[in-house]
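Protein chains in written order, with our numbering: chain A, 3 to 236; chain B, 3 to 236.
Positions of the beta carbon are idealized from the N, C-alpha and C atoms, including for glycine.
The block underneath contains the structure these notes are about, expressed in structure tokens.
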DNA sequence: GAAATAGTGTCTATAAGACACTATTTC
DNA sequence: GAAATAGTGTCTTATAGACACTATTTC
């Protein structure tokens, strides 16, 4: 039996790093310095190095881009993108996309890296378009994030160590793009075992009753789930 | 800035093809003919070819292994496995794992391929162990399949074109490894919009009342979901 | 009629959603 | 007290689950 050629390819890990700024869901984008797509906006990413896995590549890129320790941030695979013409370079470049979730960071973007990185509202990114097949990657990562909010406790990854129930609700509202009932959300979250635990402290508000502060609980899955309201059919 | 070497790698698509035989969840495994792991059982898979995407590689392998048209079968990505030592060959081999779901096939395994492929109960496969990191891939694919049953209509992919509600229930029972209440399951499925639609025909039974036959409906997602019973905590 | 599987009725427990209401703060 | 945000109570509806019961077949 004749041996087919086994093409080798270059592999990158691309990151969809989401955060919420002023109640708006934002994604970290970089302006590309080199061809292909020089000058265009793209998702941050980088090539796999010799003795690391793609998960490690993604974690390294994440810490380079955000200055945060990847071990403490939520990071998960979205999928592989391997259309032969997705990147004009040769050898072919296949990418594994990762979803990362970050709390609102002190610096707009930062990073040890010279690239011009900044946060862009997701709606803006989708309107203006990104390089490569990054529009599709962003769409898929968003859908994953929206689904994960229902069944996991990752919403707390958007928050600082201590947060109020109102802030957690704003995470759901920003990612899902809906308004949620405050009283029902409060009850659902505080009564769900392992989702959040009270820190005992309160955060004074300049405008109303101080809110109790919570920390992320030990659970990683939410049961029962917090189902996203279905869009009205009519 | 000095240019780092960009290692190139070989990429495979590996398949976790599940089916149900006599009420037992089975996975298609092949006996490896060549090193590494010659003689050991492994998941079927193959290398990416020149001008195809990994999704196409997976679809091609699936049709080679099962003789079925991949376009009609459920096929989705599970994840990428890229640990540097997961495959001893050089250049490194990264794999993208796919989950495929097949109805009970006429032939035990078949395929145009000379490899010894056969169905193995999933519990057997997990007990005896597979080559490479295929134990982990199988575990992850199973967990994905179990989760997908809750929120999507893929359970019908395990069934023939026409099936009874009892057969559909056996899919859930085999994949989840639980017993479900027959009356409640029947109602839930038949009242869920777009999950199944009656074909009008009935299938006589040698032992009891004939069951009405159904076809897969148009919906791909189940709402409300069919939640898997949580294991009793105590 | 007995046995077997298919399917319906009905009651109860749990969760979701609407929304009135109370609580605690700043001004 | 007004305004604002936090949080509780309570009622209604949707869904899940238990399980008694009816329906249709073969023997």
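Status (buried if at least 16 other CB within 10 Å, exposed otherwise) for residue i
i, result
"residue 90 of chain A", "exposed"
"residue 222 of chain A", "exposed"
"residue 31 of chain B", "buried"
"residue 231 of chain B", "exposed"
"residue 63 of chain B", "buried"
"residue 164 of chain B", "exposed"
"residue 195 of chain A", "exposed"
"residue 68 of chain A", "buried"
"residue 84 of chain B", "buried"
"residue 74 of chain B", "exposed"
"residue 14 of chain A", "buried"
CB of residue i within 7 Å of CB of residue j, strictly
i, j, result
"residue 18 of chain B", "residue 122 of chain B", "no"
"residue 203 of chain B", "residue 166 of chain B", "no"
"residue 173 of chain B", "residue 160 of chain B", "yes"
"residue 99 of chain B", "residue 37 of chain B", "no"
"residue 12 of chain A", "residue 93 of chain A", "yes"
"residue 156 of chain B", "residue 76 of chain B", "yes"
"residue 135 of chain B", "residue 211 of chain B", "no"
"residue 10 of chain A", "residue 10 of chain B", "yes"
"residue 162 of chain A", "residue 206 of chain A", "no"
Residues near residue i in its chain [Cβ-Cβ closer than 7 Å; skip 5 each side]
i, result
"residue 177 of chain B", "27, 147, 148, 151"
"residue 143 of chain A", "18, 80, 99, 101"
"residue 229 of chain A", "152"
"residue 171 of chain A", "182, 184, 187"
"residue 220 of chain A", "196"
Separation of residue j from residue i, as counted between CA atoms
i, j, result
"residue 61 of chain A", "residue 81 of chain A", "16 Å"
"residue 169 of chain B", "residue 70 of chain B", "21 Å"
"residue 197 of chain A", "residue 224 of chain A", "7 Å"
"residue 8 of chain A", "residue 188 of chain B", "49 Å"
"residue 47 of chain B", "residue 65 of chain B", "11 Å"
"residue 245 of chain B", "residue 25 of chain B", "Residue 245 of chain B lies beyond the residue range present for chain B, which begins at 3 and ends at 236; the question has no answer from this structure."
"residue 227 of chain A", "residue 199 of chain B", "28 Å"
"residue 50 of chain B", "residue 130 of chain A", "33 Å"
"residue 191 of chain A", "residue 209 of chain A", "24 Å"
"residue 95 of chain A", "residue 33 of chain A", "19 Å"
"residue 236 of chain A", "residue 54 of chain A", "Residue confidence for residue 236 of chain A is low, a pLDDT of 38 falling below 50, so the modelled location carries little weight; the figure read from the coordinates is stated next. If I take the Cα positions, the gap works out to 50 Å."
"residue 35 of chain B", "residue 119 of chain B", "11 Å"
"residue 59 of chain A", "residue 52 of chain B", "25 Å"
"residue 193 of chain A", "residue 175 of chain A", "19 Å"
Own chain partners of residue i with C-beta closer than 6 Å, once the 5 adjacent residues on each side are dropped
i, result
"residue 138 of chain B", "none"
"residue 72 of chain A", "61, 64, 65"
"residue 158 of chain B", "218"
"residue 185 of chain A", "none"
Spatial neighbours of residue i in its chain, beta-carbon cut-off 8 Å, leaving aside the 5 residues before and after
i, result
"residue 140 of chain B", "18, 29, 45, 124, 127, 128, 132"
"residue 107 of chain A", "21, 68, 69, 70"
Contact belief for residue i with residue j at Cβ below 8 Å, rounded distance in angstroms
i, j, result
"residue 103 of chain B", "residue 215 of chain B", "Not a contact, Cβ separation roughly 20 Å."
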